[in-house]
Amino acid sequence: MSSNTAAVGPVPDPELAKLIFDRLYDIGFDGRGMTRPSYGEGENRAHALFDEIAREHGLEIRRDWASNLFITLPGCNRNLPVVMTGSHLDTVPCGGNFDGAAGAAAGLLILCAWSTAGFQPERDTTLIVTRAEESVWFPVSYLGSRTAFGLLDADALETPRSDDGVTLREHMQACGAKPEECGTAPVLDPTKIDCFVELHIEQGPVLLEADVPVGIVTGICGSTRYRSAVIHGQYAHSGATPRRFRSDAVMAGASMMMALHADWKTVEAAGEDMTLTFGVCQTDPAQANFAAVPGKLDLVIDIRSRDEALLERMNARVIEQARRVEAEFSVRVELGPRTQSTPAFMDETIQKQAKDLAAEMGIAVVSMASGAGHDAAIFAGQGVPTEMLFVRNENGSHNPDESMEMPDFLVGVGLLERLLRQRAS
301 MSSNTAAVGP VPDPELAKLI FDRLYDIGFD GRGMTRPSYG EGENRAHALF DEIAREHGLE
361 IRRDWASNLF ITLPGCNRNL PVVMTGSHLD TVPCGGNFDG AAGAAAGLLI LCAWSTAGFQ
421 PERDTTLIVT RAEESVWFPV SYLGSRTAFG LLDADALETP RSDDGVTLRE HMQACGAKPE
481 ECGTAPVLDP TKIDCFVELH IEQGPVLLEA DVPVGIVTGI CGSTRYRSAV IHGQYAHSGA
541 TPRRFRSDAV MAGASMMMAL HADWKTVEAA GEDMTLTFGV CQTDPAQANF AAVPGKLDLV
601 IDIRSRDEAL LERMNARVIE QARRVEAEFS VRVELGPRTQ STPAFMDETI QKQAKDLAAE
661 MGIAVVSMAS GAGHDAAIFA GQGVPTEMLF VRNENGSHNP DESMEMPDFL VGVGLLERLL
721 RQRAS
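Below, the structure written as structure tokens:
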């Protein structure tokens, strides 16, 4: 093998790309979209697929105690800090086939192409295929990345998965992981990682609007979330209970949501960056009906921003609004546990390298922030020089209609290949 930094390098195989996405589709299709639960059968089979392809191409394979998959092409000098790329293979329920999978597939395609061409970089180049990135299954963001850096609290092992109530510990054990090793030395040492670059589909419309295939990410939003908020009112007859006697949970929730929405508009008008979402707003179907004043409302609150101080301000407003509607509507608000993730900023040097390489390759790009969270946030938070590349994707994400075009994907993979090769050489 030989090291080579030429502008034109090994070209990832489009047929292998198609095979990977077709196989992932077959593994995850639920009749409407993709469902590959964290530490479930679909994620296991997807990891097995990547293991199989990597072995066929002579790449090194290892797993950590949490069953994250590491695929490595050895470098000439194995003592140098490693270049890393990667993403995840789990999905939200009834999601799309490209969220996470595009980045994992991109890394595998590049390492397979390098191995097939006999190209050996100066330093090890590793693809990490993480477990359990989607926090919809367990109330922990970027679970696999956290475990790799030794950041998982052992208490999290006892949390139940949202669909079946079985604990994370039990699901890990069923997948061949070793949760009893939680708290041992981290698998990844930030000082031994040169960089981490994650390719991912864009999960919004910015690249579509700009009509460019690739985005260079500047930062990843942090979040404040209340996953199990409940407003308790009093069920009463809808016709026999005047307004002054009501404890209407739905009206209290509506008032609270609209007040926070007004705060969001104020934040936007001031030029600040934030999103606010109430992803769940539901009454109890067993008790709610047209003839009853609603006595209970379940809410899920999600606030995201790159500004940590703004997240704290909005969290204070959530609490203020909860207290206000309690007094105004004679209800009781239980916000429940608050979960958080910290904003992450991408490495400016790698951003410039990516932009320069894109210009050399004739690829139009735009710089943009990521409103969605990603494994890259954990790497950046540990001090690893980190960057993300977004690939244009129609119809958003976390739904069955994700629609990344293969030509756009291959453009993104080509840019990622040049960037990894430059860093690894």
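So for the sequence shown, the numbering used here puts the first residue at 301; every next one is plus one. Where a beta carbon is used, it is the ideal one built from N, C-alpha and C, also for glycine.
How many whole angstroms separate the CB atoms of residue i and residue j, which I take to be in contact at a CB cut-off of 8 Å?
i: residue 663; j: residue 513; result: 7 Å
i: residue 556; j: residue 621; result: 5 Å
i: residue 497; j: residue 687; result: 5 Å
i: residue 619; j: residue 524; result: With 8 Å as the limit, residue 619 and residue 524 do not qualify as a contact, their Cβ atoms being about 11 Å apart.
i: residue 741; j: residue 447; result: For the chain, the structure presents residues 301 to 725; residue 741 sits outside this window and is missing.
i: residue 578; j: residue 600; result: 7 Å
Tell me which residues share the same chain as residue i and place their Cβ nearer than 8 Å to its Cβ, disregarding the 5 neighbours each side in the sequence.
i: residue 592; result: 535, 536, 537, 538
i: residue 580; result: 598, 599, 600
Quick check on DSSP: helix, strand or coil for residue i?
i: residue 410; result: helix
i: residue 384; result: strand
i: residue 494; result: strand
i: residue 390; result: coil
i: residue 703; result: strand
i: residue 453; result: coil
i: residue 551; result: helix
i: residue 347; result: helix
i: residue 596; result: strand
i: residue 625; result: helix
i: residue 708; result: helix
i: residue 314; result: helix
i: residue 523; result: strand
i: residue 438; result: coil
i: residue 363; result: strand
i: residue 395; result: strand
i: residue 488; result: coil
i: residue 305; result: Interpretation of residue 305 is limited by its pLDDT of 49, a score under 50 that renders its predicted location unreliable; no figure is taken from the coordinates.
i: residue 602; result: strand
i: residue 537; result: strand
i: residue 467; result: strand
i: residue 429; result: strand
i: residue 460; result: strand
i: residue 614; result: helix
i: residue 687; result: strand
Determine, for residue i, whether the minimum Cβ-Cβ distance to residues of chain B falls below 8 Å.
i: residue 711; result: Given the protein chain composition of this structure (a single chain), no chain B is represented.
To which residues of the same chain is residue i closer than 7 Å at the C-beta, ignoring the five residues directly before and after it?
i: residue 717; result: 309, 312, 410
i: residue 476; result: 367
i: residue 478; result: 365
i: residue 347; result: 369, 389, 429
i: residue 611; result: 522, 524, 603, 605
i: residue 631; result: 531, 532, 533, 547, 549, 552, 625
Taking the straight line between their C-alpha atoms, what separation do you get for residue i and residue j?
i: residue 333; j: residue 704; result: 15 Å
i: residue 634; j: residue 438; result: 21 Å
i: residue 301; j: residue 356; result: With a pLDDT of only 42 at residue 301, under the threshold of 50, the placement of this residue in the model should not be trusted; the figure read from the coordinates follows. Distance between the alpha carbons of residue 301 and residue 356: 18 Å.
i: residue 609; j: residue 682; result: 20 Å
i: residue 351; j: residue 456; result: 27 Å
i: residue 582; j: residue 553; result: 10 Å
i: residue 540; j: residue 546; result: 10 Å
i: residue 427; j: residue 526; result: 33 Å
i: residue 441; j: residue 434; result: 7 Å
i: residue 463; j: residue 640; result: 22 Å
i: residue 358; j: residue 677; result: 30 Å
i: residue 643; j: residue 521; result: 5 Å
i: residue 598; j: residue 558; result: 16 Å
i: residue 638; j: residue 378; result: 42 Å
i: residue 586; j: residue 596; result: 11 Å
i: residue 721; j: residue 501; result: 21 Å
i: residue 504; j: residue 693; result: 8 Å
i: residue 672; j: residue 344; result: 24 Å
i: residue 461; j: residue 417; result: 43 Å
i: residue 574; j: residue 419; result: 44 Å
i: residue 613; j: residue 563; result: 10 Å
i: residue 329; j: residue 701; result: 12 Å
i: residue 402; j: residue 342; result: 16 Å
i: residue 315; j: residue 413; result: 12 Å
i: residue 529; j: residue 353; result: 44 Å
i: residue 649; j: residue 627; result: 52 Å
Ordered along the chain, which non-local residues of its own chain (more than five positions away) have a Cβ less than 6 Å from that of residue i?
i: residue 714; result: none
i: residue 449; result: 486, 488, 682
i: residue 370; result: 362, 426, 428
i: residue 680; result: 644, 686
i: residue 708; result: 513, 691, 692
i: residue 360; result: 372
i: residue 507; result: 515, 692
Check whether the Cβ of residue i lies closer than 7 Å to any heavy atom of the ligand FMN, and answer yes or no.
i: residue 327; result: Summarising the ligand content, the structure contains no ligands, and the ligand FMN is consequently not present.
Problem - Stretch pair the stretch 467-486 + the stretch 655-662: three plus CB contacts closer than 8 Å - result: Output reads no: the stretch 655-662 does not touch the stretch 467-486.
Exercise for the section: Say whether the stretch 664-674 touches the stretch 509-523, bearing in mind that this needs 3 or more beta-carbon pairs closer than 8 Å, one atom from each stretch. Expected result: Contact holds between the stretch 664-674 and the stretch 509-523, because three or more Cβ pairs, one in each stretch, are under 8 Å apart.
Practice task
Kindly confirm or deny that the stretch 476-487 and the stretch 399-410 touch, where touching means at least three C-beta pairs closer than 8 Å.
Solution key: With fewer than three CB-CB distances shorter than 8 Å, the stretch 476-487 does not count as touching the stretch 399-410.
Practice task
Please confirm if the stretch 324-343 is in contact with the stretch 378-396, defined as three or more CB-CB distances below 8 Å between the two stretches.
Solution key: Three or more Cβ pairs closer than 8 Å define a contact, and the stretch 324-343 meets that threshold against the stretch 378-396.
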